[in-house]
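Q: Sharing a structure, written as structure tokens. Questions coming.
Residue numbers (the working numbering): 86 to 319.
Structure follows, in structure tokens:
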């Protein structure tokens, strides 16, 4: 059993910094109307280790702090991290762990039940790329992943399989909701906010008339500019 207090001091410091960051990022989910009650979770890989930090299961957002963030191995097992033994990690922990094991470039994972994105998941329909914002952020449509039962790594397998050939940092798991990935948890939270925004806009637009897709060459151009030119560098 891994004991946090017995790890190298630099790893302990990295775990604490990650706990603080993940706790703060959880506040973005209710602030952006992406979750209700205790649903949803954010995790981040701990730099320089085979550990990640995730929300404890069934704890309300206003009760979250760095001290209750749970630390797990990449197999999804809670370590002796200083939290009470009864404080178990999120029910989605196995899915997050599977993503980290099979997508080493991913440093953060987020799951929400945001209304419009989950509505697309409920009808097994990808969000079509009909907005320049989607070209920028997702590089095309937001795909639908397979139906999977919560509790083991089935959801994680579906996420990895669906996103391996996609530029999208978001997947709509069928009958469940969106999962997003990023280089860190901040990027994954941003993707969660953006996927709900585009899902809402596309749903409204579809009620107004026929959706007009963007040509692939323009999607590629939008994605290239946004990913490599947009914003401040350095």
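Beta carbons: idealized from backbone N, C-alpha and C, even for Gly.
Please report how far the alpha carbon of residue 226 lies from the alpha carbon of residue 215, in whole angstroms.
A: The alpha-carbon atoms of residue 226 and residue 215 are separated by roughly 8 angstroms.
Q: Is the beta carbon of residue 281 less than 9 angstroms from the beta carbon of residue 254?
A: Taking 9 angstroms as the Cβ cut-off, residue 281 and residue 254 do not qualify as a contacting pair.
Q: Work out the CA separation of residue 278 and residue 317 for me, nearest whole Å.
A: Cα-Cα distance, rounded: 21 angstroms.
Q: Determine, using beta carbons only, whether residue 258 and residue 224 come nearer to each other than 9 angstroms.
A: No.
Q: Below 8 angstroms, how does it come out for the stretch 109-118 and the stretch 155-169: are there three or more Cβ pairs, yes or no?
A: Too few Cβ pairs lie closer than 8 angstroms, so no.
Q: Do residue 178 and residue 87 have their CB atoms nearer than 9 angstroms?
A: Contact: no.
Q: According to the Cβ coordinates, are residue 180 and residue 104 closer than 9 angstroms?
A: No, the Cβ-Cβ distance between residue 180 and residue 104 is not below 9 angstroms.
Q: Which same chain residues, not among the five before or five after residue 315, have their C-beta less than 8 angstroms away from its C-beta?
A: Closer than 8 angstroms at the Cβ level, and outside the excluded window around residue 315, lie 221.
Q: Would a C-beta distance cut-off of 9 angstroms place residue 234 and residue 183 closer than the cut-off?
A: Cβ atoms of residue 234 and residue 183: not closer than 9 angstroms.
Q: Exposed or buried, residue 126, counting other C-beta atoms within 10 Å across all chains shown (16 or more means buried)?
A: That one is buried.
Q: Following the continuous beta strand (DSSP E) through residue 100, name the residue where it begins and the one where it ends.
A: Here residue 100 belongs to no beta strand (DSSP E); instead the alpha helix (DSSP H) covers 94-111.
Q: Pick out the complete beta strand (DSSP E) segments inside the stretch 197-271, 3 residues or longer, and give them in chain order.
A: Fully enclosed beta strand (DSSP E) runs of 3 or longer: 255-258 and 262-267.
Q: The alpha helix (DSSP H) spanning residue 306 covers which residue range?
A: It spans 301-313 - the alpha helix (DSSP H) in which residue 306 sits, taken as one unbroken run.
Q: Mind the definition here: the stretch 184-197 touches the stretch 265-277 only if three or more C-beta pairs lie below 8 angstroms; say whether that holds.
A: The answer is yes - the stretch 265-277 touches the stretch 184-197, with three or more Cβ pairs under 8 angstroms.
Q: List the whole-angstrom C-beta distance separating residue 107 from residue 129, where the pair is believed to meet the contact cut-off of C-beta under 8 angstroms.
A: About 5 angstroms; that satisfies the 8 angstroms criterion.
Q: Check whether the Cβ atoms of residue 307 and residue 217 sit closer than 9 angstroms, and answer yes or no.
A: Yes.
Q: Can you pull the DSSP bridge partners for residue 163?
A: According to DSSP, residue 163 bridges with 157.
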